[in-house]
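Undergrad:
Number of protein chains: 2
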Amino acid sequence: MKADIKGRAPRTPAEADLLSFCNNAALRKAARGLGKLYDAVLEPSGLKATQYSLLTQIYDLGNPTMAELARSLLMDLSAMRHSLGPLIRDGLVRLRVEARDRRVKRVALTPAGVAKFEEAAQLWRKAQGRFEQAFGAARAAKLRSELRLLTSEGFKDAF
Amino acid sequence: MKADIKGRAPRTPAEADLLSFCNNAALRKAARGLGKLYDAVLEPSGLKATQYSLLTQIYDLGNPTMAELARSLLMDLSAMRHSLGPLIRDGLVRLRVEARDRRVKRVALTPAGVAKFEEAAQLWRKAQGRFEQAFGAARAAKLRSELRLLTSEGFKDAF
DNA sequence: TTGAAATCGTGGCATATGCCACTAATAAGT
DNA sequence: ACTTATTAGTGGCATATGCCACGATTTCAA
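So the sequences go chain by chain: A and B. Each number in my numbering corresponds to the 1-based position in the first sequence with 1 added. Each number in my numbering corresponds to the 1-based position in the second sequence with 1 added.
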């Protein structure tokens, strides 16, 4: 465990765990971990949690343009497009050029997409429930609130 | 803005923003957003925040095996190996087979890797400082503490 | 009206991350 | 010692995400 053959001296307790102080690393690590848990619960639907999030946001926004969808997810337009790929390929999502401005494409769920979304939503509720159970509902709400602040324009500007 | 041409009816306030209730989606979104901020600050070093995290953890653990490193980051062994690729290619990290157990490979920073780590650490401190400034130091510590809980074995079991 | 500027989406390339199948090597059990 | 786990890493494939250059369109301005 403490190997360190030919390596640096072992960390002293005081300087131990440098990375645990990094807000960014902590966030990513938590996201990786929680992602796996949600993914496992959603698995029967064949959707990854990220894909479920995409479907949810499309459903929620109604009929967003690609740019609107990307902005709402704080995601790069190109990245979002790439992620949409598998969903389009599998017939869950469809793109339509807007007639009045042919630069624009609107994203919509297909009927199959709506069905898959509703199927996955059941599983999502289960995962979400387990989270609230394990972490505490109020505590979870507080956490989401803090995270929401991190993604706000105001925070970005203050940073 | 409210387009919704041929789309679903607009969300009522009550059901608005479905996704903001998803703990997992909130976490990923925040991670994306914060990642971009840290990345921007680290940019002069040529390292992404994720790569800086990897170097930090290698430095911190001293001379970990690949499996130890992956476990400590709650990361898939294979994923970590892939991420190590660019760092190895750029001569910052090196792998060595362990003589006593030739299945094992130990990960170590090269001298160039140590130098790059120290260079990036300066920038990281700047980013971290900005975060603490914008978010509040105590609040940040609390957030990290909550995130740490999420990544604990106990939470995974309770989930 | 016509050419510059801004907007939207696409494609290519690169890293981040995960899963699975497979090989190598060591540890356990009989 | 042999057979059977178990453990460590590798490689391939797939999705997640981002950046940049580019092409299509629309808007603005001279």
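For each residue, glycine too, the CB sits at the ideal point set by N, CA and C. Note that the structure is predicted; figures quoted are calculated from it, not measured.
#1: Taking C-alpha atoms, which residue in B/141, B/111, B/32 lies nearest to residue 57 of chain B?
#2: With contact counted as at least three CB pairs below 8 Å, one residue from each stretch, are the segment 24 to 38 of chain B and the segment 66 to 84 of chain B in contact?
#3: Can you say whether residue 54 of chain A is buried or exposed, counting buried as having 16 or more other CB atoms within 10 angstroms of its CB?
#4: Would you check if the segment 122 to 132 of chain B and the segment 33 to 51 of chain B touch, i.e. whether three or more CB-CB distances between them fall below 8 Å?
#5: By Cβ distance below 7 Å, which residues in the same chain neighbour residue 50 of chain B in space, the five residues on each side in sequence not counted?
#6: According to the Cβ coordinates, are residue 81 of chain B and residue 70 of chain B closer than 8 Å?
#7: When burial is assigned at 16 or more other CB atoms within 10 Å of the CB, is residue 78 of chain A buried or exposed?
#8: Can you find a CB in chain A that lies within less than 8 Å of the CB of residue 84 of chain B?
#9: Tell me residue 138 of chain B's beta-bridge partners as DSSP assigns them.
#10: What's the C-alpha gap between residue 32 of chain B and residue 29 of chain A?
#11: Is the CB of residue 58 of chain B under 8 Å away from at least one CB in chain A?
#12: Mind checking whether residue 109 of chain B and residue 97 of chain B have CB atoms under 8 Å apart?
#13: Have a look at residue 116 of chain B and residue 72 of chain A and give me their C-alpha separation to the nearest angstrom.
#14: Going by alpha carbons, who is nearest to residue 61 of chain A out of B/47, B/134, B/105, B/20?
#15: Taking only runs that begin and end inside the segment 61 to 139 of chain A, name each unbroken beta strand (DSSP E) of 3 or more residues, in chain order.
#16: Counting along the chain, where does the alpha helix (DSSP H) carrying residue 154 of chain A start and finish?
#17: What do you reckon, is the C-beta of residue 140 of chain A under 7 Å from a heavy atom of the ligand SAM?
#18: Is there at least one Cβ from chain B nearer than 8 Å to residue 34 of chain A's Cβ?
TA: Here's the rundown:
#1: B/111
#2: no
#3: buried
#4: yes
#5: 36, 39, 40, 43
#6: yes
#7: exposed
#8: no
#9: Partner(s): none; residue 138 of chain B has no beta bridge.
#10: 6 Å
#11: yes
#12: yes
#13: 38 Å
#14: B/20
#15: 94 to 98, 106 to 110
#16: 154 to 159
#17: This structure lacks the ligand SAM, and indeed carries no ligand of any kind.
#18: yes
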